[in-house]
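Each step along the sequence shown adds one to the number in this note's numbering, with nothing skipped, and position 219 is 221.
Even glycine gets a Cβ: it sits at the ideal position worked out from N, Cα and C.
Bear in mind that the values here come from a model prediction, so they are computed numbers and not experimental data.
Everything below concerns the one structure shown next.
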Amino acid sequence: MAYSILGAKELDGMRRAGRLAGELLGQVGHWVQPGVTTESIDAKVAAWTTERGAVSAPLGYRGFPKHCCISINEEVCHGIPGPRVIESGDLVNVDVTPILGGWHGDTNATFYVGMPSAEARHVTEVARRSLEIGLEQVRPGARLHDIGAAIQEFVHARGCGIVRAYSGHGIGRIFHCEPTVPHFKPPGRGVKLKRGMCFTIEPMINIGGYDVDHLEDGWTVLTRDGTLSAQFEHTVVVTKTGFEVLTVRDGPLFNSEDRPWVRLTEGRPGSS
Ligand code: MF3
Ligand code: CO
Ligand code: CO
Numbered sequence: 003m004a005y006s007i008l009g010a011k012e013l014d015g016m017r018r019a020g021r022l023a024g025e026l027l028g029q030v031g032h033w034v035q036p037g038v039t040t041e042s043i044d045a046k047v048a049a050w051t052t053e054r055g056a057v058s059a060p061l062g063y064r065g066f067p068k069h070c071c072i073s074i075n076e077e078v079c080h081g082i083p084g085p086r087v088i089e090s091g092d093l094v095n096v097d098v099t100p101i102l103g104g105w106h107g108d109t110n111a112t113f114y115v116g117m118p119s120a121e122a123r124h125v126t127e128v129a130r131r132s133l134e135i136g137l138e139q140v141r142p143g144a145r146l147h148d149i150g151a152a153i154q155e156f157v158h159a160r161g162c163g164i165v166r167a168y169s170g171h172g173i174g175r176i177f178h179c180e181p182t183v184p185h186f187k188p189p190g191r192g193v194k195l196k197r198g199m200c201f202t203i204e205p206m207i208n209i210g211g212y213d214v215d216h217l218e219d220g221w222t223v224l225t226r227d228g229t230l231s232a233q234f235e236h237t238v239v240v241t242k243t244g245f246e247v248l249t250v251r252d253g254p255l256f257n258s259e260d261r262p263w264v265r266l267t268e269g270r271p272g273s274s
């Protein structure tokens with residue numbers, strides 16, 4: 003079967019993997035700090051995952067060398083953790099995919115490091131809301147392309163570009179399968195969504211145009227015009243009446259959903 007269409011028992015497995023992924027991303031929010039290298043965050047992701055009896059899907063996936071992807075500023079996605087030191091002002095996306103009991107939970111978020119620029123905030127908050135808007139389209143009988151159409155309407159109205167070269171994807175026992183989930187409006191209406199269908203929505207939003215380039219490392223994707231890029235991702239399942247986010251989290255993401263600039267401006271007279 004090309005699509006991942008799951009029954010109740012299989013969904014329990016996906017829920018467990020998804021919750022683990024959500025919990026891990028919550029931890030990551032505390033690990034993204036100025037002065038730390040991206041490989042040190044990767045090492046923490048590796049240890050945390052292993053301790054819970056899970057395996058990192060990225061490791062060895064088509065030769066990818068690390069446990070997670072870390073993409074900074076103009077990097078769009080698939081950044082390889084390494085010796086780079088995170089600096090105050092960076093916009094840092096971390097994408098994690100633990101496999102638990104054979105099921106994949108794929109989720110990512112963009113984190114603020116220190117005080118974000120107005121542009122960094124704009125692209126990040128547009129990306130965050132665009133994922134929610136995509137999710138709100140998901141229900142049985144809706145068409146796949148309703149997702150990208152709604153995202154496009156929202157994002158273009160805010161002057162940002164939507165990466166076209168990478169999309170959401172079906173997920174389950176397999177990391178990437180059908181359907182491909184575009185975050186823009188492609189021709190046609192796409193397949194009808196069906197209860198039990200599992201896929202990701204993961205819009206990559208740029209301050210500038212949608213074009214991307216690749217680094218010589220064979221993985222890192224960058225904006226061609228060098229502008230900032232932000233992304234959020236959830237794994238979702240179509241339910242009887244709508245959707246269920248499988249990569250749920252207990253509370254707001256530290257350094258992201260908690261609007262850290264509020265914390266940073268507190269107690270600084272004249273800075274509000
Ligand atoms: N987690 C990414 C996604 O959202 C895929 C990463 S593949 C890797 O689909 F090999 F780069 F890890
Ligand atoms: Co994904
Ligand atoms: Co991902």
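Query	Result
For arginine 145, which beta-bridge partners are listed by DSSP?	Lys194
My output table needs one value for leucine 266: the three-state DSSP class, helix, strand or coil.	helix
State yes or no: is the C-beta of aspartate 44 nearer than 7 Å to some heavy atom of ligand 3?	no
Per DSSP, glutamine 233 forms a beta bridge with which residues?	Met206
Is the beta carbon of threonine 182 within less than 7 Å of some heavy atom of ligand 3?	no
Between the beta-carbon of glycine 143 and the beta-carbon of leucine 195, is there less than 8 Å?	yes
Where does threonine 51 land, buried or exposed, given buried means 16+ other C-beta within 10 angstroms?	buried
Please check the pair histidine 106 and glycine 174, which I expect to be a contact at CB under 8 Å, by giving their CB distance rounded to whole angstroms.	7 Å
Using the Cβ count rule (16 or more neighbours within 10 Å means buried), how would you classify serine 274?	In this prediction, serine 274 has a pLDDT of 48, which is less than 50 and means its spatial position is unreliable; what the coordinates show is noted afterwards. Its Cβ having fewer than 16 others within 10 Å, serine 274 is exposed.
Using 7 Å as the cut-off, classify the Cβ of proline 60 as near or not near the heavy atoms of ligand 1, replying yes or no.	yes
Any heavy atom of ligand 1 closer than 7 Å to the CB of tyrosine 212?	no
With burial defined as no fewer than 16 other Cβ atoms inside 10 Å of the residue's Cβ, what is the status of serine 119: buried or exposed?	exposed
Keeping to the same chain, check which residues put their C-beta closer than 8 Å to that of arginine 54; ignore five residues upstream and five downstream.	Leu22, Pro100 and Leu102
Could you check how far apart the C-beta atoms of arginine 226 and glycine 211 are, in whole angstroms? I think they sit under 8 Å.	7 Å
What residues come near ligand 2, if near means a beta carbon less than 6 Å from any of its heavy atoms?	Asp108, His171, Thr202, Glu204 and Glu235
Should valine 264 go down as buried or exposed, given a rule of 16 or more other Cβ atoms within 10 Å for buried?	exposed
Can you look up alanine 120 in the DSSP assignment and give me helix, strand or coil?	helix
So, helix, strand or coil for serine 274, using DSSP?	In this predicted model, serine 274 has a pLDDT of only 48, less than 50, meaning its place in the structure is not dependable; the value taken from the coordinates is given anyway. Serine 274: coil per DSSP, three-state reduction.
Would you decide whether histidine 80 is buried or exposed? Buried here means 16 or more other CB atoms lie within 10 Å of its CB.	buried
Can you tell me the Cα-Cα spacing of glycine 20 and aspartate 108, whole angstroms?	7 Å
Output the distance between the C-alpha atoms of glutamate 268 and asparagine 257, rounded to the nearest integer angstrom.	15 Å
For the alpha helix (DSSP H) that leucine 27 lies in, which residues bound it at each end?	10–33
If you measure between the beta carbons of asparagine 95 and glutamate 204, is that distance less than 8 Å?	no
Please classify histidine 171 as buried or exposed, where buried requires at least 16 neighbouring CB atoms within 10 angstroms.	buried
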